[in-house]
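K.L.:
One structure coming up, written as structure tokens, with questions to follow.
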Amino acid sequence: MAQPETAWGPHPEPLTVASAPVPEYGSGSLADLLPTLAAGLGVPDMSAAITELTPADRNCVFLIDGLGWEQLKAHPEDAPFMTSLLATSRGGTGRPLTAGYPATTATSLASVGTGLPPGAHGLPGYTVRNPDTGELMNQLRWQPWTQPGVWQPYPTVFQLAHAAGVHAAQVSSPTFQNTPLTRVALSGGTFLGRLTGEDRMDLAAEQLAAGDRSLVYTYFAEVDGAGHRFGVDSDAWRGQLMYADRLVQRLAEQLPPRSALYVTADHGMIDVPFDEQHRIDFDEDWELSAGVALLGGEGRARHVYAVPGAANDVLTCWREVLGEQFWVASRDEAIAAGWFGPQIDERVYGRIGDVVAAARDDVLLIASEREPKESAMVGNHGSMTPAEQLVPLLEVRS
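The sequence shown begins at 3 in my numbering and counts up one residue at a time.
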């Protein structure tokens, strides 16, 4: 019997764990970007894993939250400057990077800043269980409070670069200066807070010029926010994309000599329709909730924590109910398949769900009572589809 055709081509039903497109850890993921740049700056123990990139004395990473590769390519009229740079992506190959799994902000920023995949840095989802307390930990908002240096003990690339004599700086909103996520993912060198995008671009250029060897990071959040609220083809989203495009051009035109600017993102995004076919409500589904003690992650990338002794039953049920639309794996299967990277630290193992579910189709597993705000979002992300995983690495050199 012929297998059904989808946008992904033929696939078995239910989806097999091995059919999930695992991120390019070690050669082309967000976790490989800063170590590659730092290696070119002579920082000890850093590896140039993204072999397509050419070293520069001064490096700036501009991360636009939520701007995936596919969304950028779909809106050339709204982002003419970045569109003109598409061929420069990933060292002139015209190819994107992969974000890492899950494709979500806390995980991706930790991967960027530490140069480590999620299984090592230990932020493997939007919300995950803290094995020491049994509570769900929101790693974006850092609630409930958890000691940052215990949760993520590795130094950031910025800290290592600063120790090696490189001028390291982060230019972002003042709101982020003292957050635990910034501390564990992006600290090191100098943090400079500026409210407007224009001020950030101007200051990032100044910071690049402040050292013979420089590593500068700057950030813009509003593309992601508009996508969540209004969708990735809304007027509001396209307006923020237009603004981000102007910011990129403003920074590119101010680069000091011997500089490389890299424009990337933490994840892409897809819009999910508001109907029962596309939004499955965990809080109203007795089959999916049976045997589940905690529901973590987010709508397209779930961590499922079973009551003691129920993990196998939960896995079986989730595969039966969701297996044609989600890749559903046990913790050990997801780890063995490399979803979270090639290594899983012991302290991270219990943070990963007993069952891990990643959406392939345009569906969400919402929780309308537990997560009312998240369940109401138009644009969503987290899984391993190209729309969510692929991010640009646009390059401008001076």
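In this text, a Cβ means the ideal position worked out from N, Cα and C, and glycines have one as well. What you are looking at is a predicted structure, and each value in this text was computed from that prediction instead of being measured.
Could you give the residue range of the alpha helix (DSSP H) that holds serine 291?
P.N.:
Counted as a single uninterrupted DSSP element, the alpha helix (DSSP H) harbouring serine 291 occupies residues 288 to 291.
K.L.:
To the nearest angstrom, how far is the alpha carbon of alanine 166 from that of leucine 39?
P.N.:
13 Å
K.L.:
Note down the Cα distance separating proline 344 from tyrosine 27, rounded to an integer number of angstroms.
P.N.:
8 Å
K.L.:
Please give me, in chain order, every unbroken run of the alpha helix (DSSP H) with length at least 4 that falls completely inside the segment 154 to 240.
P.N.:
159 to 165, 182 to 187, 199 to 211, 224 to 232
K.L.:
Tell me the rounded alpha-carbon separation between threonine 198 and alanine 170.
P.N.:
21 Å
K.L.:
Residue range of the beta strand (DSSP E) that aspartate 277 falls in?
P.N.:
Where aspartate 277 is concerned, there is no enclosing beta strand (DSSP E), given that its DSSP letter is neither H nor E.
K.L.:
Taking leucine 392 as the reference, give the member of His269, Ala81, Ala339 with the closest Cα.
P.N.:
His269
K.L.:
Quick one: what's got a C-beta closer than 6 Å to arginine 92's C-beta in the same chain, skipping five residues either side?
P.N.:
Glu54, Leu395
K.L.:
Using the beta-carbon count (16 or more within 10 Å), is serine 2 buried or exposed?
P.N.:
Residue 2 falls outside the range modelled here, since the chain spans only 3 to 400, and no answer is possible.
K.L.:
How would you call aspartate 356, buried or exposed, if buried means at least 16 neighbouring beta carbons within 10 angstroms?
P.N.:
buried
K.L.:
In the structure shown, what three-state DSSP assignment does arginine 60 receive?
P.N.:
strand
K.L.:
Check each candidate in Gln145, Leu183, His164, Trp288 and name the one with the smallest Cα separation from glycine 151.
P.N.:
Leu183
K.L.:
Using DSSP's beta-bridge definition, name the partner residues of aspartate 283.
P.N.:
Ile368
K.L.:
Rounded to a whole number of angstroms, what is the C-alpha to C-alpha distance between aspartate 315 and glycine 298?
P.N.:
18 Å
K.L.:
Compute the distance between the beta-carbons of isoleucine 346 and glycine 102, then report whether it is under 8 Å.
P.N.:
Cβ distance not < 8 Å, so isoleucine 346 and glycine 102 don't count as in contact.
K.L.:
Alanine 369 and phenylalanine 284 look like a contact to me (Cβ under 8 Å); what is the Cβ gap, rounded to whole Å?
P.N.:
5 Å
K.L.:
Which residues in the same chain have their Cβ closer than 6 Å to the Cβ of asparagine 140, if we skip the five residues on either side of it in sequence?
P.N.:
Thr129
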